[in-house]
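Numbering (the numbering used here), first residue to last: 54 to 198. All C-beta atoms, glycine included, are put in the ideal place defined by N, C-alpha and C. So the structure is just underneath, and the comments pick up after that.
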Amino acid sequence: MEGRVRTPIGAVCATHPDEAAVATCARCGGFLCGDCTELAGETPYCAPCVAVLRREARPSRVIQVALALNVAGLACLPCSLALPLPTLVAGLAGVVLGLRELRRIARGEGAERGRTLARVTTGLGWVNLGLASSWLAVVFWGFGP
54 MEGRVRTPIG AVCATHPDEA AVATCARCGG FLCGDCTELA GETPYCAPCV AVLRREARPS
114 RVIQVALALN VAGLACLPCS LALPLPTLVA GLAGVVLGLR ELRRIARGEG AERGRTLARV
174 TTGLGWVNLG LASSWLAVVF WGFGP
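What follows is the structure in structure tokens.
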């Protein structure tokens, strides 16, 4: 029982006074009934505290790495004269991971602060895919007749 806060006997929910408290919010200390308890991992929180935690949370490491990969992909495009493989991989990763992060945020599983980062990563991914596709078209089909 280490790390767990016990709810006092007779405590009632802060939102629903007619309901017995089954948990205590780990952030604000308010008593929670079963309907009000929201778990983040195994830790109980109330809805307002979950909203604050989501708003203040850092963006995921995955989206930060995907953004760095896309910037590197743009930088590597002129260096790869034969096949723009790094740019193609970076673009694909940016689109897939950026859209995945946006879906996580929409479901309430990701940090709100990561929304802009995910949009930028997705946009750069599309730019990288477009540039790599254009480069491949030039390499395989030439400049013209």
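Look up residue i in the DSSP assignment and give the residues it is bridged to.
i     : result
Leu85 : Ala76
Val65 : Ala73
Where does residue i fall in DSSP's three states?
i      : result
Leu136 : coil
Glu109 : helix
Ala23  : Nothing about residue 23 can be reported from this structure: the residues present for the chain run from 54 to 198 only.
Ala159 : helix
Using 10 angstroms around the beta-carbon of residue i, count the other beta-carbons present and answer buried if the total reaches 16, otherwise exposed.
i      : result
Ile158 : buried
Val148 : buried
Pro70  : exposed
Pro101 : exposed
Glu55  : Note on Glu55: pLDDT 44, under 50, position unreliable in the model; the coordinate value appears next. By the 10 Å Cβ count, Glu55 comes out exposed.
Cys99  : buried
Ile116 : buried
Ser113 : buried
Ala171 : buried
Gly151 : buried
Thr77  : buried
Thr169 : exposed
Phe84  : buried
The alpha helix (DSSP H) that contains residue i, what's its start and end?
i      : result
Arg168 : Arg168 to Trp194
Leu120 : Arg114 to Cys129
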